[in-house]
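Numbering (the numbering used here), first residue to last: -14 to 110.
Now the structure itself:
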């Protein structure tokens, strides 16, 4: 046997690609069809219309998303107003020009710091 005989066998094998039989393809496709997901029938129901003053008020203000945005802005304003960072004090002093007197803050528990200062967040650099 020569080396070229082996090359000839490989060349002949490359030209004739093995094709699966029709019976094999039918079994594979039938098995694949059993594993396909079945469509789910969805029954649409009419949503009950909300009633009451709270749903009327939520609809008036734009729904739940608008209410969440307003609540977030309110809480941010309360936090910034209560913490009084030094940069905001200088802005309010410049705007009001001393028309408002400084409000004294009474600390009920000086060791308890529930609302930390925003000065660390406002500093540059």
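Ideal Cβ positions, reconstructed from N, Cα and C, are used throughout, including at glycine.
Treat the numbers as computed from the prediction; the structure is a model and nothing was measured.
According to the DSSP assignment, residue 15 belongs to the alpha helix (DSSP H) that extends over 7 to 19.
Bounds of any alpha helix (DSSP H) do not take in residue 27, whose DSSP letter is neither H nor E.
The beta carbons of residue 43 and residue 49 sit about 6 Å from each other, so the pair counts as a contact at 8 Å.
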